[in-house]
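Following the UniProt record's numbering, the residues of the sequence shown are numbered contiguously, the last one being 754. Cβ coordinates follow ideal geometry from the N, Cα and C atoms, glycine included.
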Amino acid sequence: MSQEIKLHGDVYFGNVKGKLPHGMGSYTWSDGTVYDGNWEDGKMCGRGRISWSSGTSYEGDFSGGYLHGFGKLTTPDGSVYKGSWRLNIQNGVGRKEYSNSDVYDGCWKDGVHEGSGKYAWGNGNTYIGNWKSGKMFGRGVMKWVNGDLFDGSWLNGYRHGSGVYRFSDGSYYFGTWTKGLKDGQGTFYPAGSKCSSFRKKAHSQRFRDPERNVTRTYSEKITFSSFFRESGRITSRRIPPDDDYTLGDSTREFSTSERTEMFSHISDEGESEVDDDSTVAWEREYMQGVLMKERVKNHSGALSSKSKQNKRITNESKQKSCVDIFEGHKSYCLMLNLQLGIRYTVGKITPVPMREVRSSDFGERARIRMYFPRKGSQFTPPHYSVDFHWKDYCPMVFRNLREMFKLDAAEYMMSICGDDGLRELSSPGKSGSLFYLSHDDRFVIKTLRRSELKVLLKMLPSYYDHVKKYDNTLITKFFGLHEITLRGGKKVRFIVMGNMFKTELRIHRRYDLKGSYQGRFTCKDHIDEGTTLKDLDLAYEFHMDRTLREALFEQIQLDCSFLESQQIIDYSLLLGLHFRAPEHLKALLEAPDAEHGSSSSLEFDDGSKSGELSIPPTGLLLVTHEPSSVNTAPGPHIRGNTLRAFSVGDKEVDLLLPGTGRLRVQLGVNMPAQANRKVSQEVSGSTEVELFEVYDVVLYLGIIDILQDYNMRKKIEQACKSVRYDPNSISVADPKFYSKRFINFLHKVFPVDP
């Protein structure tokens with residue numbers, strides 16, 4: 001007999017057993033979630049359908065209150081999963097259609113792809129093969145819509161092991177790969193080859209991969225609390241609301257990953273463009289993606305001693321014109337040369353066994369040199385740039401630094417040397433240096449003056465010891481030092497650094513702080529969100545947790561002492577601010593000092609009504625650190641330990657942003673604070689009342705520009721003798737004075753709470 005039961009705003013109508021739902025019935029929760037189906041002793045069991053107020057719905061089998069058996073789950077974005085479930089987790093065989101038209105059909109385990117399966121991207125690319133933990137793993141075939149194919153072994157989403165690479169024009173490469181890069185010996189057969197042994201292989205092996213890494217970046221599990229509360233009320237928390245359900249936002253998981261982690265080479269270093277005799281093949285040897293050797297092999301297996309530049313025909317019409325970077329700032333050739341050189345030297349040094357650095361590893365004479373002719377050589381591949389000489393300074397030192405900073409060599413090369421290339425920043429620095437960003441924003445590459453190169457080589461042994469001793473150092477992380485010599489003897493020097501603004505949160509404001517007021521302001525007519533402001537533009541004081549502040553200034557003191565010992569001046573604290581409530585930041589649109597200029601045109605999403613007075617809510621919480629709940633992967637600027645906070649009992653902490661996420665707190669990364677800004681409001685006549693605006697912010701900090709030597713700056717002083725002495729002038733600040741002034745200024749910016 002059907003009964004109606006009401007409890008704490010929930011309503012059940014259907015069959016009961018005692019006081020519990022049993023049999024067919026409908027349960028409606030107070031939040032609008034509705035379940036229609038079978039019950040057993042108060043738990044959803046058998047066939048049923050549940051719909052959440054958010055629009056997510058599931059229809060299928062239940063057991064003990066869990067999604068268990070076979071069923072179909074549909075989310076508001078249009079994603080549909082139809083297949084097997086086990087205790088609320090996709091497990092078994094299932095098919096998922098993503099909202100961006102991607103489709104996976106195959107085996108699942110613990111909510112991710114595991115076993116055999118087929119993934120079809122919306123653009124027509126497909127992968128058929130084995131999976132493990134959501135990544136391509138084992139034997140698999142990748143096919144692109146342009147006709148390229150790869151058939152071979154995979155490891156964690158990368159080609160790894162033996163395989164065959166077929167180009168759309170019919171040419172093939174048989175060889176081995178390591179973490180997505182060619183590694184070891186292989187054979188390339190041009191299109192139309194008549195080699196009998198090649199034809200036999202090609203008949204059975206014909207697939208190629210542009211290195212798609214379909215790593216699942218979000219867990220596809222559904223977690224729930226207990227079904228019954230102590231009060232006896234039935235809860236829907238075993239079945240996830242839509243905002244907790246992270247199964248298959250495939251646009252977020254795959255499209256973003258395609259841009260930054262998946263590699264989509266349409267051709268492999270131009271190999272398919274070879275137009276050679278049909279009986280000729282090429283035996284090649286690679287080291288970490290770098291072509292080390294190549295020689296011609298004819299149909300009888302005899303090797304020719306002819307150089308590859310005489311055999312390989314390059315399509316000159318496809319070469320891009322190169323304008324001298326010093327005259328036209330057209331830097332295509334410069335960027336290409338940089339990529340070629342880094343691939344060569346990183347590939348050459350990576351296989352060398354790790355060891356402690358020696359004194360001979362430092363200095364200007366510790367270098368690798370190589371000539372890169374446009375037509376290629378015995379050790380270098382052909383390319384579309386101009387001929388150039390390459391020099392890699394202190395390769396073993398920087399190799400150890402990259403290891404120390406937990407940077408994978410393959411990821412480093414792909415970030416800088418991938419097909420997406422580098423991006424030149426539109427405005428060069430004050431010194432005239434050019435800046436480039438890697439395609440994934442992880443690395444900044446800056447051109448150096450000869451004087452800066454000398455400073456870095458001189459301080460490198462001490463820098464190495466300092467960053468090795470202090471994991472939490474805020475000093476810029478260096479990953480490589482290189483030099484390119486172009487025709488005519490022009491030299492361009494580069495330093496590769498970590499980008500501290502490659503962050504999980506959006507940076508709304510950034511400042512370059514030197515502790516000086518001499519000309520340190522920005523014209524407000526040209527400010528936008530990407531503008532780096534200066535000391536006089538900063539109108540905030542930042543109040544932090546006591547222990548976090550102590551850790552910050554302890555490391556700043558150590559870093560400044562190191563720079564002082566190296567006679568370095570003119571360095572800066574680069575400060576990035578993420579405002580937790582950007583819709584309230586109308587104050588940011590106003591000039592900190594009205595006489596410096598007018599407000600900028602920067603806009604924020606504003607959910608408040610026009611003219612409405614809004615008080616920013618508290619949006620940051622420090623909670624006890626849980627490694628499994630935050631991203632602990634090292635980044636280009638992240639290396640140090642998890643910090644402790646006084647407000648949480650001096651325990652390691654995470655930063656919780658309600659409605660956004662949970663972040664690991666490290667020195668200079670994800671550091672919460674309150675930003676106070678003084679404002680004055682005229683009340684009557686000459687009477688003024690001092691007011692404060694308070695914002696919750698997340699801070700990102702690092703010490704940059706550490707290559708200015710005091711002795712070199714003395715030359716500048718000679719040109720400034722006619723200028724009246726000013727203690728705030730950078731040109732007269734010796735290292736000790738500069739360090740003291742720098743720290744004193746930061747104490748004002750980050751004051752001690754009373």
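| query | Which first and last residues belong to the alpha helix (DSSP H) in which Asp465 is found? | reply | Sequence index remark: in the sequence shown, residue 465 carries index 465 (1-based). Asp465 -> alpha helix (DSSP H) spans Arg450 to Lys469.
| said: Checking 9 Å against the spacing of the C-beta atoms, do Met544 and Phe745 come in under that value? | reply: Looking up residue 544 in the sequence shown gives position 544. Looking up residue 745 in the sequence shown gives position 745. It is not a contact, given that the beta carbons lie outside the stated cut-off.
| message | Quick check on Lys406: buried or exposed, where buried means 16 or more other Cβ atoms within 10 Å of its Cβ? | response | Locating residue 406 in the sequence shown gives position 406, where the first residue counts as 1. Exposed: under 16 other Cβ atoms inside 10 Å.
| query | Near Ser116, which residues of its chain fall below 8 Å by C-beta distance, leaving aside the five closest residues on each side in sequence? | reply | For the purposes of this step, residue 116 is identified with residue 116 of the sequence shown, where counting begins at 1. So the list reads Gly106, Cys107, Gly129, Asn130 and Trp131, once near-sequence residues are dropped.
| Excluding sequence positions up to five away, which residues of its chain have a Cβ less than 6 Å from the Cβ of Thr522? | Along the sequence shown, read from residue 1 onward, the residue named residue 522 stands at position 522. The residues are Leu533, Lys534 and Asp537.
| DSSP bridge partner residues for Leu6 (one or two, in chain order) | As a position in the sequence shown, residue 6 is number 6, starting the count at 1. It is Lys, not Leu, that sits at residue 6 in the sequence shown. Answer by DSSP bridge pairing, in chain order: Val11.
| Rounded separation between Met671 and Leu548 - CA only | In the sequence shown, residue 671 corresponds to position 671, counting from 1. In the sequence shown, residue 548 corresponds to position 548, counting from 1. Distance between the alpha carbons of Met671 and Leu548: 8 Å.
| task | Using 10 angstroms around the beta-carbon of Tyr463, count the other beta-carbons present and answer buried if the total reaches 16, otherwise exposed. | result | For the purposes of this step, residue 463 is identified with residue 463 of the sequence shown, where counting begins at 1. When all chains shown are included, Tyr463 counts as buried.
| field | Identity of the residues DSSP links to Gly55 by a beta bridge | value | Numbered from its first residue, the sequence shown carries residue 55 at position 55. According to DSSP, which records beta bridges pairwise, Gly55 is partnered with nothing at all.
| request: Entirely within the region 499-556 and at least 3 residues each: give me those beta strand (DSSP E) ranges in chain order. | output: 509-513 and 540-543
| field | Rounded C-alpha distance that separates Arg546 from Leu655 | value | To locate residue 546, count along the sequence shown from 1; it is residue 546. To locate residue 655, count along the sequence shown from 1; it is residue 655. Those two C-alpha atoms are separated by around 15 Å.
| Looking only at C-alpha atoms, which of Ser629, Tyr695 and Arg664 sits nearest to Arg677? | Within the sequence shown, numbered from 1, the residue matching residue 677 stands at position 677. The shortest C-alpha separation from Arg677 is found at Tyr695.
| message | Here's a check: name, in chain order, each residue in its chain whose Cβ is nearer than 7 Å to the Cβ of Thr473, leaving out the five neighbours to either side. | response | Position 473 of the sequence shown, counted from the first residue, corresponds to residue 473. Here the set comprises His466, Val467, Gln555 and Asp559.
| Proximity winner among Asp31, Ser415, Asn88 and Ala673, relative to Tyr66 (alpha-carbon distances) | Walking along the sequence shown from the start, residue 66 turns up at place 66. Of the candidates Asp31, Ser415, Asn88 and Ala673, the one whose C-alpha sits nearest the C-alpha of Tyr66 is Asn88.
| task | May I ask you to list the residues that DSSP assigns as paired with Lys491? | result | Counting from 1 along the sequence shown, the entry for residue 491 is found at position 491. Beta-bridge pairing links Lys491 to Thr485.
| When the Cα atoms are used, what is the spatial distance from Gly347 to Val648? | Locating residue 347 in the sequence shown gives position 347, where the first residue counts as 1. Locating residue 648 in the sequence shown gives position 648, where the first residue counts as 1. Each residue's alpha carbon lies about 46 Å from the other.
| task | List the endpoints of the continuous alpha helix (DSSP H) containing Tyr412. | result | Taking the first residue of the sequence shown as position 1, residue 412 is located at position 412. Element bounds for Tyr412: Ala409 to Cys417.
| CB residue 761 to CB Arg487, shorter than 9 Å? | Given a span of 1 to 754 for the chain in the structure shown, any question on residue 761 remains unanswerable.
| query | How should Gly498 be labelled, buried or exposed, when 16 other C-beta atoms within 10 angstroms of its C-beta is the threshold for buried? | reply | As a first step, residue 498 is located in the sequence shown; it is residue number 498 there, counting from the start. Gly498 should be labelled buried.
| When the distance is taken between beta carbons, is Leu460 closer than 9 Å to Phe562? | Position 562 of the sequence shown holds residue 562. Position 460 of the sequence shown holds residue 460. Not closer than 9 Å, so no.
| field | Straight-line gap, Leu336 to Ser451 (C-alpha atoms, nearest Å) | value | Walking along the sequence shown from the start, residue 336 turns up at place 336. Walking along the sequence shown from the start, residue 451 turns up at place 451. The straight-line gap from Cα to Cα measures roughly 25 Å.
| said: Val665 and Leu643 - do their beta-carbons sit closer together than 9 Å? | reply: For this step, residue 643 is matched to residue 643 along the sequence shown. For this step, residue 665 is matched to residue 665 along the sequence shown. Closer than 9 Å, so yes.
| field | Spatial distance of Gly152 from Glu285 (CA atoms) | value | Walking along the sequence shown from the start, residue 152 turns up at place 152. Walking along the sequence shown from the start, residue 285 turns up at place 285. If I take the Cα positions, the gap works out to 18 Å.
| Taking Cβ to Cβ, would you say Leu577 is nearer than 9 Å to Val698? | Counting from one through the sequence shown, the residue named residue 577 turns up at place 577. Counting from one through the sequence shown, the residue named residue 698 turns up at place 698. Contact flag set, yes.
| task | Report yes if the CB atom of Gln90 is closer than 9 Å to the CB atom of Ser99, and no otherwise. | result | Locating residue 90 in the sequence shown gives position 90, where the first residue counts as 1. Locating residue 99 in the sequence shown gives position 99, where the first residue counts as 1. Taking 9 Å as the Cβ cut-off, Gln90 and Ser99 do not qualify as a contacting pair.
| Going by beta carbon distance, what residues of the same chain come within less than 7 Å of Leu481, once the five residues before and after it are set aside? | To locate residue 481, count along the sequence shown from 1; it is residue 481. Tyr393, Cys394, Phe398, Leu456 and Ile495.
| request: My understanding is that Arg629 touches Arg580, with C-beta atoms under 8 Å, so please give their C-beta distance in whole angstroms. | output: For the purposes of this step, residue 629 is taken as the residue at position 629 of the sequence shown. For the purposes of this step, residue 580 is taken as the residue at position 580 of the sequence shown. Residue identity check: residue 629 is Ser in the sequence provided, not Arg. Not a contact, Cβ separation roughly 19 Å.
| message | For Ile342, tell me which candidate among Glu356, Gly122 and Gly421 has the shortest Cα-Cα distance. | response | Counting from 1 along the sequence shown, the entry for residue 342 is found at position 342. Residue Gly421 is the option with its Cα nearest to Ile342.
| request: Decide if Thr178 is buried, meaning its Cβ has at least 16 other Cβ atoms within 10 Å, or exposed. | output: If you number the sequence shown from 1, residue 178 lands on position 178. Counting Cβ neighbours within 10 Å, Thr178 comes out buried, since at least 16 surround it.
| query | Distance, Cα to Cα, Ser57 vs Glu97? | reply | Within the sequence shown, numbered from 1, the residue matching residue 57 stands at position 57. Within the sequence shown, numbered from 1, the residue matching residue 97 stands at position 97. Ser57 and Glu97: Cα-Cα distance of roughly 15 Å.
| field | Cys107 - partner residues in DSSP beta bridges | value | As a working mapping, residue 107 is identified with position 107 in the sequence shown. Val93.
| 9 Å Cβ cutoff met for Arg86 and His113 | Working through the sequence shown from its first residue, we reach residue 86 at position 86. Working through the sequence shown from its first residue, we reach residue 113 at position 113. In this structure, His113 does not lie closer than 9 Å to Arg86 by Cβ.
| task | Evaluate Gly519 with the Cβ neighbour count: other Cβ atoms within 10 Å of its Cβ, from every protein chain shown; 16 or more gives buried, anything less gives exposed. | result | Position 519 of the sequence shown, counting from 1, holds the residue named residue 519. So Gly519 counts as exposed.
| request: Within the same chain, show all residues whose beta-carbon is closer than 6 Å to that of Gln339, passing over the 5 residues directly before and after it, in chain order. | output: In the sequence shown, counting from the first residue as 1, residue 339 sits at position 339. Result list for Gln339: Cys417, in chain order.
| query | Where do the ends of the beta strand (DSSP E) carrying Tyr172 lie? | reply | If you number the sequence shown from 1, residue 172 lands on position 172. Where Tyr172 is concerned, the enclosing beta strand (DSSP E) stretches over Tyr172 to Thr178.
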